[in-house]
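The sequence shown begins at 756 in the working numbering and counts up by one.
In what follows, a single structure is set out as structure tokens and then discussed.
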Amino acid sequence: MIGFLIGRIHSKQPPLLQLNVNGVGYDVQAPMSTFYTLPEVGEEATVLIHTHVREDAMLLFGFATELEKNLFRELIKVNGIGAKMAIAVLSSMSVAEFVGYVELDDAIAITKIPGVGKKTAERLVIEMRDKLKGWSLTYNLASESTNKKIKPANDASAVQALLALGYKPAQAEKMVKSVEKGLSLEETIKKSLQQA
Numbered sequence: 756m757i758g759f760l761i762g763r764i765h766s767k768q769p770p771l772l773q774l775n776v777n778g779v780g781y782d783v784q785a786p787m788s789t790f791y792t793l794p795e796v797g798e799e800a801t802v803l804i805h806t807h808v809r810e811d812a813m814l815l816f817g818f819a820t821e822l823e824k825n826l827f828r829e830l831i832k833v834n835g836i837g838a839k840m841a842i843a844v845l846s847s848m849s850v851a852e853f854v855g856y857v858e859l860d861d862a863i864a865i866t867k868i869p870g871v872g873k874k875t876a877e878r879l880v881i882e883m884r885d886k887l888k889g890w891s892l893t894y895n896l897a898s899e900s901t902n903k904k905i906k907p908a909n910d911a912s913a914v915q916a917l918l919a920l921g922y923k924p925a926q927a928e929k930m931v932k933s934v935e936k937g938l939s940l941e942e943t944i945k946k947s948l949q950q951a
């Protein structure tokens, strides 16, 4: 199994990241939270990897932190939650937010994730409650820092991210246009998701 990759970023097209490791290109699917922390194309990055082996494919999922990787692994154990849905969860909210919603039994907040309906949100809360018990203290999630580099958002990148989350092109463009300009890419996407 592959635990992590260190290499140059060849391309970033959320949710797909291409990493060049000593001349070998790896296709890695990653949540938006990971894309926010990655350096620019051509620069070196370390990406933590979860190797997902299926009958018809071997897929790599990449994460910026061990915490994201651990939550992804817990999410895909939930009945009816596949890797694509787990990536959508991590793209839509921070680990701290998700853990907080589960601890508060707030299924309604979880329904804001694209593709997650009421029944799926309730199942996530019920099945994840015991798995995430103690995460807030263990990982000190209450004080999770939000000190990310602020870069002006590129509307096209924000639309691309929303498309990766499952929104239709016209809907994604409308959501991004409704958000004020001058925000970071992360803030633009978050505010766009709140418009949904």
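Glycine included, C-beta positions come from ideal geometry on N, C-alpha and C.
Assigned with DSSP and collapsed to three states, glycine 758 falls in coil, not helix or strand. When only Cα atoms are considered, histidine 765 and leucine 774 end up about 5 Å apart. The stretch 842 to 856 and the stretch 864 to 878 touch, with no fewer than 3 CB-CB distances between them shorter than 8 Å. Methionine 930 sits in a helix when the DSSP states are folded into three classes. Your pair phenylalanine 816 and histidine 807 checks out as a contact, with CB atoms roughly 6 Å apart and the cut at 8 Å.
DSSP places tyrosine 791 in the helix class (H, G or I) of the three-state scheme.
DSSP places leucine 845 in the uninterrupted alpha helix (DSSP H) bounded by 838 to 847. As computed with DSSP, methionine 813 is found in a beta bridge with Val808. For valine 783, the closest of Leu793, Leu771, Asn777, Glu798 by C-alpha to C-alpha distance is Leu771.
For asparagine 777, the secondary structure class from DSSP, reduced to helix, strand or coil, is coil. A straight-line Cα-Cα distance of about 31 Å links arginine 878 and leucine 940. In this structure, proline 786 lies near alanine 843, with their beta-carbon atoms less than 9 Å apart. Under DSSP, glutamate 799 forms a beta bridge with Arg763. Distance between alanine 841 and glycine 921, taken at the CA atoms: about 13 Å.
The shortest CA-to-CA distance from isoleucine 836 to any of Ala851, Lys874, Ile804 is the one to Lys874. In this structure, the beta-carbon distance from leucine 826 to valine 854 falls below 9 Å.
For the 9 Å CB-CB criterion, leucine 917 and isoleucine 944 form a contact.
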